[in-house]
Amino acid sequence: MRNTIVSIIAIILGLIAGGLLMLFIGANPIEGYSYLFQGALKNISRIGDTLATATPLIFTGLAVAFAFRTGLFNIGVSGQMLIGGLAATAVGLSFDLSRPVLIILMILAGIIGGGLWAFIPGLLKARFNVHEVVATIMMNWIAYWTVYYIVPGYFKGEFLETESRKLAEESTLRTPWLTEMFQGSYINLGLFFAVIAVLIIAFIINKTTLGFELKAVGFNRHAAEYAGMKVNRNIILSMLISGALAGLGGVALYTGNASSMQIGILPSQGYDGIAVALLGANSPVGVFFAALLFGILYSGTGFMNAMIEIPPELANTIIAIIIYFAATSVLIHRLLNKFRKTRSNANDVNGPVGKKGEA
Amino acid sequence: MWTIIEQIFPYAIVFTIPLLITALGGLFSERSGIVNIGLEGLMISGAFASAITVNFLQDKMPNSSTVLWLGILAAIVVGLLFSLLHAFASINLSADQVISGTAINMIAMALTVFLARNITGSGNIRITSGFTPFDVPILSQIPIIGDLLFTKTYATTWFILIVLFVSAFMLNKTKFGLRLKSCGEFPQAAQAAGINVVRIRYIGVMLSGALSGLGGGIIILTYAGEFTGSVSGLGFLALASLIFGQWRPLGILGATLFFGFASTIANVSQVIPELAVIPPIILKIFPYVVTLIALVLFSKSSQAPKAAGEPFDPGKR
Amino acid sequence: MSYVVEMLNIRKEFPGIVANDNVTLTLKKGEIHALLGENGAGKSTLMGVLFGMYQPEQGVIKIREKEVKITNPSVANQLGIGMVHQHFKLVENFTVTENIILGSEPLKGMILDIDKAAKRIAELSKHYGLNVDPHSKIEDISVGMQQRVEIMKMLYREAEVLIFDEPTAVLTPHEIEELMKIMRNLIKEGKSIIIITHKLKEIKAVADRCTVIRRGKGIGTVNVKETSESSLAEMMVGRHVNFKVDKEASTPGDVVLQIDSISVKNNRKVLGLKNFSVEVRRGEIVGIAGVEGNGQSELVEAITGLRKVESGKILLKGNEITNISIRQRIESGIGHIPEDRQRRGLVLDYTLENNMVLEVYNKPPFAKTGLLNGTAIKKYARSILEKFDVRSGEGGASIARTLSGGNQQKAIIGREMELDPDLLIAVQPTRGLDVGSIEYIHKRLIEHRDKGKAVLLVSLELDEVLQLSDRIAIVNNGELIGTVIASETNENEVGLMMAGVNKERSV
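Each protein sequence line maps, in turn, to chains L, X and B. According to the numbering used here, the residues represented by the first sequence are 1104 to 1462, in order. According to the numbering used here, the residues represented by the second sequence are 2 to 318, in order. According to the numbering used here, the residues represented by the third sequence are 117 to 623, in order.
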C-alpha cells in the first residue's frame, strides 16, 4: 500500500517536472498533457499502439525486477534484448516453417539469446565475484557491436545499410484479427506473452521453493548460504531468467512492434526497464501497471509533438525524472511521515471542537 | 609498421584524454565512497553545455579561442551542478547509488536532446570550429618522441595532463587526499577523527561532475565538433578504466591509454591494410572483452575503496 | 576535589525508546571511573553524548566546571575528550601514523608532514610504554596493538579525558593485564579515564568509582573498594543474580563429532587453523576457548561447510563429511547457532515464519513438488515461537528485522533446536543479550546436552565457557594448545593457554 503511494507520488512529481519543462520552452503544459493523453488513448487504434509500446517494457521491467529480487542489478537488459531480438530475427529470416512452429522457435531463440547474454555476467559474478553492473554494461557494448556487424553482414536490408531485411508478415508476432480489432494498430501477440510472463513470474516469486531461495539470496546471501542454499547457482539462475525475459522483450520489440533489426542503437527499453521495476516496487503486477503508464507517455508524445512543438524526448525526460524520485523515495517517505504527524496533531486539536458541536 | 604507429599515436592520445579526465573524476567520487555510474550522463551534460555555449558565442566572437575556453568552463560548471543531484540522493538520502547514477544518465540523455531539439530543431548542435592541433615548438623536433608525443597536440591535452598530476599529488601528499581516502575506506573512522564525511563526499562527487563535464566538453571541442545527444558509452568505458587502473591516478592513465589505442585502432582499421585483415567486430569488442577478463583477474586482489557504494549514516553507530 | 567531567541528568531518546533517562555521571581528575550496565542499558549512548555523536534532549554537560555543548566529535576533541571505541575506528590500509594524524594533520607547506608526526608518535610511544611502530599498516598488526594505536590517537591529540568502550572484549587475559598497567600509567600522568564495561572483575581490579545504569536509568555511583562484586551485579540487573550455572555432571556417550587434524585457510588465504583435532561426544558440552580471531570461525565454518578444508578429516557419527554440501550436513544432523545472527542467522527482511523454515522450506510438509505450503509453514513457525517464547509485534508474520536482539537470538535457537540436531554448534550464543536471556539460553543448551546430544560451544567470554562446558579445548593462533576438564581447571590456567602457553610446557 505504502509502496503504491510512493510510486504514485513519484509519478506526479515526474509529471510536474515535465510540466515545468514545457513551461520553460514556452509551451502550455495543460495543452501539452492533454495532447499527450489524447495521443495515447484517443481511439481504439491508439490504445492498441499504446499497449504495444508497453509490451517490451513489461518484459524489461520484469527482467530487472526479477534480478533485483535476487539482489542483482541487471543493467544489461538492452544488450540482452538486442541478442534475443537478433536470434529471433535470424530464425525468422532463415527458416521456412509453418507459422506456429516458426513463432515458437523464434521465441525460444529469443529466450536463449537473452539468457546466454545474461548468463555470462551471472557466471562471472558467481564464480569470480565480478560486479554484475560493470559486467552487464560491457556485455551491452559487445552486443551493440555484434549486431552492428552481423546484421549488415548476414541479414542486410534491401534499401538501408542500417537495417536488417524485413520479416514476412507471417513471421512476426502480428496477427490479422488483433490488427483488425484495434483498427490497424501494430498491437501483436507479444502482449499476451507479456501477460503470461507476468503471471508466471509472480507465481515463481511467491509460491515456489525457487522463489523462496532467490529472495533469500537477494535479501541476505550469507544467511542463504548458511541455510544450505546454493547461492552461486541461484545467482546464475536468476540472471538466466532475467536475461530470458529481456530476450523476450527483444522478440516483442523487433519481431512484433517492428519487423526488422536496426543497428547502431541500444534499445532504450532496457534502461526504462529499471524505471518500470522501481516504480512497480519489483512486483510483477506493479511492473505491469508501470509499463502501461510508460507506454502511454511514449506513445502519446508523438501526437503531442505533431500538434504542438514539444520535442518527443519529453517522455524520456519524465521517465528519467520519475526514476530519480523513485531512487530518492526516502524523501517521499519522510514527507509522508511528516504529513501523517501533522494530520494526527490536527485531529487532536479538532477532536474536542467536534464534540462541542455535537453537544 | 612504424608509420602506422606514428599516424595513430596523436589520434589515440586525443581519444584518450576525455576518457582519462572522466575516469579521474570517477576516482575522486569512488575514493570518497560514492559509486558513480552516472559518468556517462555527466559527460553528456558537459558536452551539451560546451556545444551550446560555443555555438551561441561563436557568432558574436568569431575566431576567438576565448570562446572555446568559455565552452570548457561551461562544461565544468554544468557537470558540477548536475552531479549535485547524485550527491544529494546518495549522501543525504542514502539512495541506492547505482540507481541514482542510472537516473543521472537517463536524465542527461533525455533532457539534453529535449533542449537541443528545442533550440536547433534537429537535436544536434554543431560548432563552427574547435581547438586546432599544433606541434609543440622545439620538442616536436626530438626524434621519435617528438613525432609521437609533441605533434598535432591540443592545448586541452596539456591542460588535462597537468590536472592529472595535480590530482595524483593531492591524493597522495595532502591533507585533503588523506581525508578523502579515509571516507572511502572507513567513514566511521573519519567521523570519529572529527572529519565531516558528508562534506568530503560532496566534494568527491562534485569533482567527478566537474571533471566528467570537462571530459564531455573536450570531446566536442577537439574531435567531435558536434553534439548529438550521446558520448557513445565513453562514460562507461571511463568507469571500466577506473577499475582497470585500480583506483589510482597513474593506473588510470595506463588503462585509458589502452582503451584510447584500442578504440583508435578499431576506428582506423579499414584504411590501414595491415589491420584490415582483422574482422572489425573483433577490434570493436576487444576493449570490452579485455575489461571483462581484467575484472576476473583483479577479482582476487581488488583495491576498490571498501566503503564505496555503502550509504553512511552519521547518526548510526 | 575538582571534577573534569560532569554529566548531569542526561536524557537521550531514539525513535521509540528512551536510551538514557536522567543519568548523572561525574568524573574526578585522575580517577578511573567505571560505567557499568547490561548490554543495551544505554552505556554507549551516554558516552556517545559525551563524545558529541548524539545530542541529549535534556541535561547539562560541564567540562572542567564550564558548561559546554558538544555538537560533534571534533568539539569533544578540542575539549580534550578522546575515545577508544569498541569497534576500532582505524582505516585498515593506512599506516599507524596516517591513522593517528587523520583529522589533525601536521603540514609542511601544503604537504603532509609524515616524518614529523612519526617522530612524535615514536616519542609518545616510548613515554607511555605503548611500543607502537609508526610505519606499520593497520591490517598487519595484532588487535591488541590496534587498540594501542587507538590510545595513541587520544594521546597525540593531548586528550585529558579518555573513554574506553568495552576495551577488554578482544584481548587475552595477558593483554588485559598490560592494558590495565597502561591505564594506571595514564592516571599517573594526570589523565582521567572512563571505562565502559559489564565485567565486574575488571572493575574491581582497576576502577576507583563506578556508576551503574539499568535500562537507561542512572542507579547510582559507588566507591569500588567499599562494594562487593555481588552487590554491583545486583545494582546492574535489579535483582539477585546467581552467575553459577546449575548442571549435573555429564555422562558422555558415543563420539558424535570427530575432527582429525584439519587445516583451514582464513580470509587472508593463509592457514587460520592448523592440524586441529577435537572430538565431541553425546551428552557433553565441549567449549572452545580462545581470543577472537585465533581460528574459531575457521573451525566452525569448516564443520558446517561454509569453508573449505585444506587437509584432514571431519567425521559425524562415524561418517566422513569433510567435503559434502552444507545442506547435506544439516540433513545429517548438524545444527548451527551462528556467530553473527543478523548476517548469517536470519534473513532480516523475511517474516519470522519464513525464517523458521529457512533450512527445511523444501521438504514436506512445507513444500511439495516445488510449491510452498503456507499453512504448514505457519503452523510449524507458531509452535517454535511459542515454545521458545519469542516476542514480536505480529507473531509469525512479523518481519525479523523488527525484533529485539534477544528475541532474534531466541528464534534462531528455537529453529535449530527444533531440528533436534545430534550436534549443536553454538557460537557466541549470548553475545549482546541481557542477563535474563543469557540464563534462559544457558538452560536450553544444557537441556540439549542432557537429551544425549553433543554440543560444541564457541565463546569469547571465558566465564561462559568455563561454566557451561564439560571439557574445554583451547586455541591459539589456529593451533590446539590443549584440552582440559572443566571441573579441574580454572581461569588462570585457561587464560595462560589462550595466550599460547602450553600446559605441559608450563608445568
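The beta-carbon is built from N, C-alpha and C at its ideal position, and this holds for glycine as well. Keep in mind the model is a prediction, meaning the values are calculated, not measured.
Three-pair Cβ contact test at 8 Å for the stretch 423–435 of chain B versus the stretch 402–409 of chain B: Flag = no, the stretch 423–435 of chain B and the stretch 402–409 of chain B do not touch.
Return the Cβ separation of L1348 of chain L and A1378 of chain L in integer angstroms, given the expectation that the two are a contact with Cβ distance under 8 Å. Locating residue 1348 of chain L in the first sequence gives position 245, counting from the first residue. Locating residue 1378 of chain L in the first sequence gives position 275, counting from the first residue. About 16 Å separates the two Cβ atoms, so there is no contact after all.
Where H149 of chain B falls: helix, strand or coil (DSSP): Here residue 149 of chain B refers to the residue found at position 33 when the third sequence is read from its first residue. Three-state DSSP puts H149 of chain B in a strand.
So with CB distances below 9 Å, who are the chain L contacts of L462 of chain B? Residue numbering aside, residue 462 of chain B sits at position 346 when the third sequence is read from its first letter. Simply N1323 and A1326.
Inter-residue spacing [alpha-carbon to alpha-carbon] between V121 of chain B and T343 of chain B: Taking the first residue of the third sequence as position 1, residue 121 of chain B is located at position 5. Taking the first residue of the third sequence as position 1, residue 343 of chain B is located at position 227. Going by the C-alpha atoms only, they are around 23 Å apart.
I'd like to check one pair, L81 of chain X with M207 of chain X: are the Cβ atoms closer than 7 Å? For the purposes of this step, residue 207 of chain X is taken as residue 206 along the second sequence, with counting starting at 1. For the purposes of this step, residue 81 of chain X is taken as residue 80 along the second sequence, with counting starting at 1. Yes, the pair counts as a contact, with Cβ atoms nearer than the cut-off.
Can you pull the chain B residues whose beta carbon is under 7 Å from the beta carbon of S231 of chain X, in chain order? Sequence index remark: in the second sequence, residue 231 of chain X carries index 230 (1-based). Under the 7 Å cutoff, chain B gives no residues; its nearest Cβ is about 38 Å from S231 of chain X.
Under the three-state DSSP convention, the category S508 of chain B falls into: Here residue 508 of chain B is taken as the residue at index 392 of the third sequence, counted from 1. Taken through DSSP and simplified to helix, strand or coil, S508 of chain B comes out as coil.
Closest Cβ-Cβ distance between G350 of chain X and chain B: below 7 Å? The displayed coordinates of chain X run from 2 to 318. Any statement about residue 350 of chain X would go beyond what the structure contains.
Going along chain B in order, which residues have a C-beta closer than 9 Å to the C-beta of E186 of chain X? In the second sequence, residue 186 of chain X corresponds to position 185, counting from 1. What E186 of chain X touches in chain B: V207, E208, N209 and F210.
So that I know if they touch, is there some Cβ in chain L lying closer than 7 Å to that of I446 of chain B? For this step, residue 446 of chain B is matched to residue 330 along the third sequence. Answer yes: the Cβ-Cβ gap between I446 of chain B and chain L drops below 7 Å somewhere.
What does S303 of chain X touch in chain B if you count any residue whose Cβ is under 8 Å from its own? Counted from its first residue, the second sequence places residue 303 of chain X at position 302. Going along chain B, no residue has its Cβ under 8 Å from S303 of chain X, so there is no contact; the nearest lies around 12 Å.
Out of curiosity, what's the CA-to-CA distance linking I73 of chain X and G218 of chain X? Within the second sequence, residue 73 of chain X is the residue found at index 72, counting from 1. Within the second sequence, residue 218 of chain X is the residue found at index 217, counting from 1. Those two C-alpha atoms are separated by around 6 Å.
With DSSP run on the structure shown, which of helix, strand or coil describes E400 of chain B? As a position in the third sequence, residue 400 of chain B is number 284, starting the count at 1. Correct three-state label for E400 of chain B: coil.
If you draw a straight line from the alpha carbon of R1172 of chain L to that of V371 of chain B, how long is it in whole angstroms? Counting from one through the first sequence, the residue named residue 1172 of chain L turns up at place 69. Counting from one through the third sequence, the residue named residue 371 of chain B turns up at place 255. Rounded to the nearest angstrom, the two C-alpha atoms are 43 Å apart.
Pick out whichever of L:L1356, L:G1389 and L:L1396 has its Cα sitting closest to the Cα of A1190 of chain L. As a working mapping, residue 1190 of chain L is identified with position 87 in the first sequence. That would be L:L1356, whose Cα lies nearest to the Cα of A1190 of chain L.
Find the residues of chain B that neighbour Q1 of chain X, judging by a C-beta separation of less than 9 Å, and give them in chain order. Residue 1 of chain X falls outside the range modelled here, since chain X spans only 2 to 318, and no answer is possible.
CB contact below 7 Å: S183 of chain X versus chain B: For the purposes of this step, residue 183 of chain X is taken as residue 182 along the second sequence, with counting starting at 1. Judged by the 7 Å Cβ criterion, S183 of chain X is in contact with chain B.
Complete alpha helix (DSSP H) runs within the stretch 550–601 of chain B (minimum length 4 residues, chain order): 551–566 and 578–584
Kindly indicate the opening and closing residues of the alpha helix (DSSP H) around A308 of chain X. Along the second sequence, one-based indexing puts residue 308 of chain X at 307. That residue, A308 of chain X, is in no alpha helix (DSSP H); it is neither H nor E in DSSP.
Taking the CB atoms as reference points, tell me whether A1394 of chain L and T1404 of chain L lie closer together than 7 Å. The sequence position of residue 1394 of chain L within the first sequence is 291, counting from 1. The sequence position of residue 1404 of chain L within the first sequence is 301, counting from 1. Their beta carbons are not under 7 Å apart, which means A1394 of chain L does not touch T1404 of chain L by this criterion.
Which chain X residues are close to G219 of chain B, counting only those with a beta carbon under 7 Å from its beta carbon? As a first step, residue 219 of chain B is located in the third sequence; it is residue number 103 there, counting from the start. Correct list: A194, G195 and I196.
Taking just the CA atoms, how far does N489 of chain B sit from P481 of chain B? Numbered from its first residue, the third sequence carries residue 481 of chain B at position 365. Numbered from its first residue, the third sequence carries residue 489 of chain B at position 373. Rounded to the nearest angstrom, the two C-alpha atoms are 7 Å apart.
Are the CB atoms of S33 of chain X and C184 of chain X nearer to each other than 7 Å? Within the second sequence, the letter at position 32 stands for residue 33 of chain X. Within the second sequence, the letter at position 183 stands for residue 184 of chain X. The answer is yes: Cβ separation under 7 Å.
Where are the alpha helix (DSSP H) runs, 4 residues long or more, that stay fully inside the stretch 238–301 of chain X, in chain order? 250–269, 274–277 and 281–299
Identify whether Q174 of chain B lies in helix, strand or coil by the three-state DSSP scheme. As a position in the third sequence, residue 174 of chain B is number 58, starting the count at 1. Strand.
Verify whether the separation of the beta carbon atoms of P1255 of chain L and T1239 of chain L is less than 7 Å. In the first sequence, residue 1255 of chain L corresponds to position 152, counting from 1. In the first sequence, residue 1239 of chain L corresponds to position 136, counting from 1. Going by C-beta atoms, P1255 of chain L is not nearer than 7 Å to T1239 of chain L.
Kindly indicate which three-state DSSP category A405 of chain B falls into: helix, strand or coil? Here residue 405 of chain B refers to the residue found at position 289 when the third sequence is read from its first residue. A405 of chain B: strand per DSSP, three-state reduction.
List, in chain order, every chain B residue whose beta-carbon is nearer than 7 Å to that of G179 of chain X. Indexing the second sequence from 1 puts residue 179 of chain X at position 178. What sits at residue 179 of chain X in the sequence shown is Leu, not Gly. The answer, in chain order, is E214, L218, E221 and L228.
Give the DSSP-derived three-state secondary structure of V1452 of chain L in the structure shown. Walking along the first sequence from the start, residue 1452 of chain L turns up at place 349. With a pLDDT of 38 at V1452 of chain L, under the threshold of 50, the modelled position of that residue is not reliable, and the figure given next carries that caveat. Three-state DSSP puts V1452 of chain L in a helix.
Are the C-beta of K153 of chain X and some C-beta of chain L separated by less than 7 Å? Taking the second sequence and counting its residues from 1, the one referred to as residue 153 of chain X is at position 152. Answer no: the Cβ-Cβ gap between K153 of chain X and chain L never drops below 7 Å.
Nearest-angstrom Cα distance between Q525 of chain B and F259 of chain X? Numbered from its first residue, the third sequence carries residue 525 of chain B at position 409. Numbered from its first residue, the second sequence carries residue 259 of chain X at position 258. Taking the straight line from one Cα to the other gives about 53 Å.
Just verifying my parser: in three-state terms, what is the DSSP assignment at A1229 of chain L? On the first sequence, position 126 is the one that residue 1229 of chain L refers to. In this structure, A1229 of chain L counts as helix in the three-state DSSP scheme.
Going along the chain, which residues of its own chain have a beta-carbon closer than 6 Å to the beta-carbon of T142 of chain B, five neighbours each way excluded? Residue numbering aside, residue 142 of chain B sits at position 26 when the third sequence is read from its first letter. Here the set comprises Y119 and E122.
Identity of the residue in X:F166, X:S141, X:F237 and X:V269 nearest T23 of chain X by Cα: Stepping through the second sequence from its first residue, residue 23 of chain X is reached at position 22. Nearest option by C-alpha distance: X:F237.
For the putative contact between S84 of chain X and L43 of chain X, defined by C-beta atoms under 8 Å, what is the C-beta separation to the nearest angstrom? To locate residue 84 of chain X, count along the second sequence from 1; it is residue 83. To locate residue 43 of chain X, count along the second sequence from 1; it is residue 42. At roughly 6 Å, the Cβ-Cβ gap stays under 8 Å, so S84 of chain X and L43 of chain X are in contact.
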